[in-house]
Structure formats: structure tokens, C-alpha cells
Amino acid sequence: MHLGEVELDDAVVRRLVDTQFPEWASLPLERVTSSGTVNVLYRLGRELVLRLPRVRADGVSDWASGTFERDVEWLPRLAEVLPVALPEPLAKGRPGDDYPAEWSVYAWLPGEHPDVERLEDPQGLARQLAAVIGALRRFDRAGAPASRRAYALEHYDEATRAALALLERELDSAAALVAWERALSTSPWQGPPVWVHAAGLADPAVDLQPAWNLLPTEGRSVLREELEVDDDTWERGRGWALWTGIVALPYYVETNPELATNARFRIEQVLAG
-19 MHLGEVELDD AVVRRLVDTQ FPEWASLPLE RVTSSGTVNV LYRLGRELVL RLPRVRADGV
41 SDWASGTFER DVEWLPRLAE VLPVALPEPL AKGRPGDDYP AEWSVYAWLP GEHPDVERLE
101 DPQGLARQLA AVIGALRRFD RAGAPASRRA YALEHYDEAT RAALALLERE LDSAAALVAW
161 ERALSTSPWQ GPPVWVHAAG LADPAVDLQP AWNLLPTEGR SVLREELEVD DDTWERGRGW
221 ALWTGIVALP YYVETNPELA TNARFRIEQV LAG
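In our numbering, the protein residues as written are -19 to 253.
Written out as C-alpha cells, the structure is:
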């Protein structure tokens, strides 16, 4: 999926498990079909899931670096206040002969990803999302790390414009540019950073992205009402949904069709309002 990425197969993962965690050597191993871009997932038995960062041959994976340690420190605390089940980190694996990075084991969480084309109750889903986001925002910030997305939208301007230049035949790039520049023109967040998904502090606009990458219009309005979002924060949230879609579409169009489809969806929803 990424340039120079190490390819993982069942045999490599089986050796990692059997040599480092012999107590789990008898458990069946099955790769999980996923559009995730940071980790390759393997289900181990009925109760466990492995996360193996997508890494280059030198073992570098900037996206996944330090994730397990952060999860060990913060997920148990977040689990006490969030109205949803959270992953439980159980063990960290070492690099092996065929895989050059650390990897990790978590408890398996059953469930399904919502399908944007088949949401049975988008307004109810919006309320559930608002409850999770609201609980995150109220969580104690003391000692919390910065999110990997703790940047202003301007940080992504160059990449967004470069990707737009590749998409002139895919979408209304002029309208997308207008929407992007409108988001850039908003006032920055004036309050303290808040907890957002992936365990860290950032502008609360970061966690408004599901309003456009998941919800239709009727769910979008409910999410905004439940969270009492001001105009500038809502516009920055549109900008987050837009730039992530614009950059993802040309990057993943060949290697991750599911993510590319969602990128098109979120761009369409932003441009539709």
C-alpha cells in the first residue's frame, strides 16, 4: 500500500507468534480484511488480534511509532469514561528475521464498520458519535500527548493543492479549491486543545470529520446540534474532511479501493454542503 512497504504473509506472522509467544502457538491465525493504512491485522484465535505496522524494509513506520506505549498508558483511563468499548493492549512483539518492526497484541473487539450507503439510522448514529466525541472532549487533559494531527489546516495546504492538481478529471477541482480556501480563512481554535480520536490533543474540528465521511445531511445536522459546534469550528471540520479526501484519493486509488471510494464520498458531501 505504501512505497517500499514490507509484504507480510501468514507464514511470517505465524513464526513471529510461535517464537515470541509460544503459549499462543496453537491458536489459529487469519488475516483480517481491512482498508486500514497503518497496520496489517491478524486475528489470533477468537479473543486476540495482532497489529503489525506497515513498515519499510528498514523498520520505519512513522504512523505507528509509539502507539502501543501510548495505548497502555491512556486506553485504560479513557475506557472508564467513554461510552464505547476500547481496544485492550495485551503484549508487544519484537522484530523478527522476516519483519523489522515491533508489533502488538490486543483483545479482539467484535463489530462491523458502518456502510455509508446503508445506514439504517443516521441520526441515531450521529447521537452515538456525539456522545463519544463529547466524552473525549471532557476528559482530563493533564499530561496528555499531542495528537499526530495537532496542526492547523495550513500545514496541509501544499499537499492538498498538489493532490487537487491530479484530480481535475475526477472531481470539480475548482469548487473543491473554493471550499478548501474557505476553510483556511476561518479563525483558528482559540480554546485549549481537546482529546480527539487516536489518543491525543488537537483542535476539536479534527473529530468532526465523520459528519462528511460517514453521515448524510440529516445525520450531519444532528451531530452539529448535539455538539453545539460554532461556525468556524464547523468550517474547519469541513476542511479536515476535505483535505483528507483530496489527498487520499490519488494516493490510494490503485492500492486501497475501499478508502478511495470513501474519499470520493467525503469530497462529494463537503461540496454538497
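A virtual CB, placed ideally from N, CA and C, is assigned to each residue, including glycine.
message: Using a Cβ-Cβ cutoff of less than 6 Å, which residues in the same chain neighbour A106 once the five nearest sequence positions on both sides are dropped?
response: The residue labelled residue 106 in the question sits at position 126 within the sequence shown. Closer than 6 Å at Cβ, skipping near neighbours: L195, G199, V202 and L203.
message: For E97, count the other beta carbons within 10 Å of its own beta carbon; 16 or more makes it buried, fewer makes it exposed. Which is it?
response: The sequence position of residue 97 within the sequence shown is 117, counting from 1. Looking at its Cβ environment, which holds fewer than 16 other Cβ atoms inside 10 Å, E97 is exposed.
task: Express the C-alpha separation of L62 and V259 in angstroms, rounding to a whole number.
output: This structure leaves residue 259 out entirely; the chain is present only between -19 and 253.
message: Is there a C-beta anywhere in chain D that falls below 8 Å from the one on L251?
response: Judged by its chain identifiers, the structure shown contains no chain D, having just a single protein chain.
query: By Cβ distance below 8 Å, which residues in the same chain neighbour Y232 in space, the five residues on each side in sequence not counted?
result: As a first step, residue 232 is located in the sequence shown; it is residue number 252 there, counting from the start. Taken in chain order, the residues that qualify are M(-19), T17, L239, A240 and A243.
task: Please determine, among N193, R26 and R218, the residue with the shortest C-alpha to C-alpha distance to D183.
output: As a first step, residue 183 is located in the sequence shown; it is residue number 203 there, counting from the start. Relative to the Cα of D183, the nearest Cα in the group N193, R26 and R218 belongs to R218.
query: Taking the beta strand (DSSP E) that L55 falls in, what are its first and last residues?
result: Residue mapping note: residue 55 aligns to position 75 of the sequence shown, counting from 1. Not the beta strand (DSSP E): L55 falls in the alpha helix (DSSP H), residues T47 to A59.
query: How long is the line joining the alpha carbons of T13 and W83, rounded to whole angstroms?
result: What you label residue 13 is simply residue 33 of the sequence shown in a count that begins at 1. What you label residue 83 is simply residue 103 of the sequence shown in a count that begins at 1. The straight-line gap from Cα to Cα measures roughly 18 Å.
task: Kindly identify the DSSP beta-bridge partner or partners of V29.
output: As a first step, residue 29 must be located in the sequence shown, where it is residue number 49. V29 is bridged to R23 and Y86.
- prompt: How should P190 be labelled, buried or exposed, when 16 other C-beta atoms within 10 angstroms of its C-beta is the threshold for buried?
  reply: The sequence position of residue 190 within the sequence shown is 210, counting from 1. That one is buried.
message: Across the stretch 172 to 187 and the stretch 143 to 162, are there enough close Cβ pairs to call them in contact, namely three or more that are closer than 8 Å?
response: The stretch 172 to 187, when compared against the stretch 143 to 162, does not touch it at the 8 Å Cβ threshold.
- prompt: Would D78 pass as a contact of R(-6) if the rule is Cβ separation under 8 Å?
  reply: On the sequence shown, residue 78 is found 98 positions in, with the first residue counted as 1. On the sequence shown, residue -6 is found 14 positions in, with the first residue counted as 1. It is not a contact, given that the beta carbons lie outside the stated cut-off.
- request: Check whether the Cβ of D(-10) sits closer than 7 Å to any heavy atom of the ligand FMN, and report yes or no.
  value: With respect to small molecules bound, the structure shown includes none, and the ligand FMN cannot be examined in it.
- prompt: Rounded to the nearest angstrom, how far is the Cβ of L229 from that of E150, given a contact under 8 Å?
  reply: In the sequence shown, residue 229 corresponds to position 249, counting from 1. In the sequence shown, residue 150 corresponds to position 170, counting from 1. Contact check for L229 and E150: beta-carbon distance about 7 Å, within the 8 Å limit, so the pair qualifies.
Beta-carbon contacts of E(-15) that lie in its chain and below 8 Å, excluding the five residues immediately before and after: Sequence index remark: in the sequence shown, residue -15 carries index 5 (1-based). Excluding sequence neighbours, E(-15) sits near R34, V35 and R36.
query: Which residues mark the beginning and the end of the beta strand (DSSP E) in which W175 is found?
result: On the sequence shown, residue 175 is found 195 positions in, with the first residue counted as 1. W175 -> beta strand (DSSP E) spans V174 to V176.
- prompt: Quick one: is V227 buried, meaning 16 or more other Cβ sit within 10 Å of its Cβ, or exposed?
  reply: Position 247 of the sequence shown, counted from the start, is the residue given in the question as residue 227. Buried is the call here.
- prompt: Do you know offhand how far K72's Cα is from S45's?
  reply: For the purposes of this step, residue 72 is taken as the residue at position 92 of the sequence shown. For the purposes of this step, residue 45 is taken as the residue at position 65 of the sequence shown. Rounded to whole angstroms, the gap between the alpha carbons of K72 and S45 is 13 Å.
query: Looking at the unbroken alpha helix (DSSP H) that takes in A159, where does it start and where does it end?
result: The residue labelled residue 159 in the question sits at position 179 within the sequence shown. Counting along the chain, the unbroken alpha helix (DSSP H) around A159 starts and ends at S153 to L164.
message: Pop quiz: W169 and A124 are said to be a contact at Cβ under 8 Å. What is the actual Cβ separation, rounded to whole angstroms?
response: Counting from 1 along the sequence shown, the entry for residue 169 is found at position 189. Counting from 1 along the sequence shown, the entry for residue 124 is found at position 144. Incorrect: roughly 16 Å between the Cβ atoms, too far for contact.
query: By how many angstroms is the C-alpha of A179 removed from the C-alpha of D101?
result: Numbered from 1 along the sequence shown, position 121 holds the residue referred to as residue 101. Numbered from 1 along the sequence shown, position 199 holds the residue referred to as residue 179. The alpha-carbon atoms of D101 and A179 are separated by roughly 27 Å.
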